[in-house]
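**Student:**
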Ligand SMILES: [Zn+2]
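Chains as they are written, first to last, in my numbering: chain A, 1 to 65; chain B, 1001 to 1242.
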């Protein structure tokens, strides 16, 4: 059976994980209510999206259920 | 090689996927159903009432499903739109008499009936083609009666997909709105009143604000002037979304 010959160093693990970093979501602020929202989404606070309100606040809540 | 592979499998078998697409497309059309249709409807427990949708012409699903069902919905609408002129043509030979009345029977024997049948044939064919895709008679009726007339003359782009901020609770799936265009469209910003340049001795600060406003008002005017503005807007949205 194949067995490890050498100890797997911490540096080896670390360098393997060098490219595993996650990128955070791109955030922007809603032009209408200024809450922080991800880009290209309907604002969860006021329902604003690309120049008009597409969803009132309560309806967003209802849709979330 | 990736040749001819398109679309998402959505973790389903072929038949399951087809059924899902039919259900989603039908569900979207059925949101346009009259509120009276929900009278006396109860959920599975037999007590809770079924409420009409808060927004007509809109469903909330995952972004992947929404993007996948969009072409099916649009194809159905296109077929239905093409049937409208034929239905209008057939109107000339139709009768207003009730079925099985003597008037109706004479119409039925007359030449007009044969002409009506011939004129209606393409419309009936369209209905059958859509029905074969949706397998839901009520959805097809709503599409031909209600939805298609709204989009007559529009060269595609009948629906839009918008991402929602909050993911689904169970599996963190990205939710999205799939809806018919026409409602909740972007409106051109109300054109600001044109600054008058009559008085040249206005302060410099006012002048700068006037020049800033100018492009905005021009854009708004252009949007209202061209009849094709909604189509352009939909196209612009699609390019930003996908
Ligand atoms: Zn907002």
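Note that CB positions come from ideal geometry on N, CA and C, so glycine has one too.
1. Confirm the yes/no value for this check: CB of residue 48(A), any heavy atom of ligand 1, distance under 6 Å.
2. Have a look at the DSSP bridge pairing and note the partners of residue 1038(B).
3. Are the C-beta of residue 1(A) and some C-beta of chain B separated by less than 7 Å?
4. Give the straight-line distance between the Cα atoms of residue 1022(B) and residue 1120(B), rounded to the nearest whole angstrom.
5. What are the complete beta strand (DSSP E) segments, minimum 3 residues, inside the segment 1114-1180 of chain B?
6. For residue 32(A), is the beta carbon positioned less than 6 Å from some heavy atom of ligand 1?
7. Starting from residue 22(A), trace the alpha helix (DSSP H) both ways and give me its first and last residue.
8. Since residue 49(A) meets chain B, which of its residues come closer than 8 Å, beta carbon to beta carbon?
9. Under 6 Å: does the beta carbon of residue 51(A) sit that close to some heavy atom of ligand 1?
10. I'd like to know if residue 995(B) contacts chain A, where contact means its C-beta is closer than 7 Å to some C-beta of that chain.
11. Assuming residue 1127(B) and residue 1151(B) are in contact, meaning their beta carbons sit under 8 Å apart, how far apart are those beta carbons, in whole angstroms?
12. At a Cβ threshold of 7 Å, is residue 1165(B) touching chain A?
13. With respect to the beta strand (DSSP E) encompassing residue 16(A), which residues constitute its N-terminal and C-terminal limits?
14. Check whether the segment 1043-1056 of chain B touches the segment 1008-1025 of chain B, taking contact to mean three or more Cβ pairs, one atom from each stretch, closer than 8 Å.
15. Which of helix, strand or coil does DSSP assign to residue 27(A)?
16. Taking buried to mean at least 16 other C-beta atoms within 10 Å of its own C-beta, is residue 1016(B) buried or exposed?
17. Please work out which residues of its chain come closer than 7 Å, Cβ to Cβ, to residue 1113(B), disregarding the five sequence neighbours upstream and downstream, and give them in chain order.
18. In the DSSP assignment, find the beta strand (DSSP E) that holds residue 1058(B) and state where it starts and stops.
19. Taking 6 Å as the cut-off, is the beta-carbon of residue 43(A) closer than that to any non-hydrogen atom of ligand 1?
20. Quick one: is residue 52(A) near chain B, going by C-beta distance under 7 Å?
21. Helix or strand or just coil, what does DSSP make of residue 1108(B)?
22. Give a yes or no on whether 7 Å exceeds the smallest Cβ distance from residue 4(A) to chain B.
23. Are residue 1176(B) and residue 1030(B) touching if we call contact CB-CB under 7 Å?
24. Quick one, which of 1134(B), 1181(B), 1087(B) has its alpha-carbon nearest residue 1156(B)'s?
**Tutor:** Reading from the atomic positions:
1. yes
2. Note: residue 1038(B) is not bridge-paired with any residue in the DSSP secondary-structure output.
3. Judged by the 7 Å Cβ criterion, residue 1(A) is not in contact with chain B.
4. 26 Å
5. The DSSP assignment places 1159-1163, 1175-1180 as complete runs of the beta strand (DSSP E) inside the segment 1114-1180 of chain B, in order along the chain (cut-off: 3 residues).
6. yes
7. For residue 22(A), no alpha helix (DSSP H) run applies, since DSSP gives it neither H nor E.
8. Counting only Cβ-Cβ distances below 8 Å, residue 49(A) has contacts in chain B at 1162, in chain order.
9. No, since every heavy atom of ligand 1 falls outside the 6 Å radius drawn around the Cβ of residue 51(A).
10. Not covered by the structure: residue 995(B). The range shown for chain B is 1001 to 1242.
11. Residue 1127(B) to residue 1151(B), Cβ: 16 Å. No contact.
12. Taking Cβ atoms only, chain A reaches closer than 7 Å to residue 1165(B), which makes this a yes.
13. That residue, residue 16(A), is in no beta strand (DSSP E); its alpha helix (DSSP H) goes 10-16.
14. They do not touch, by the three-pair rule.
15. strand
16. By the 10 Å Cβ count, residue 1016(B) comes out exposed.
17. 1107
18. 1058-1062
19. yes
20. yes
21. helix
22. no
23. no
24. 1181(B)
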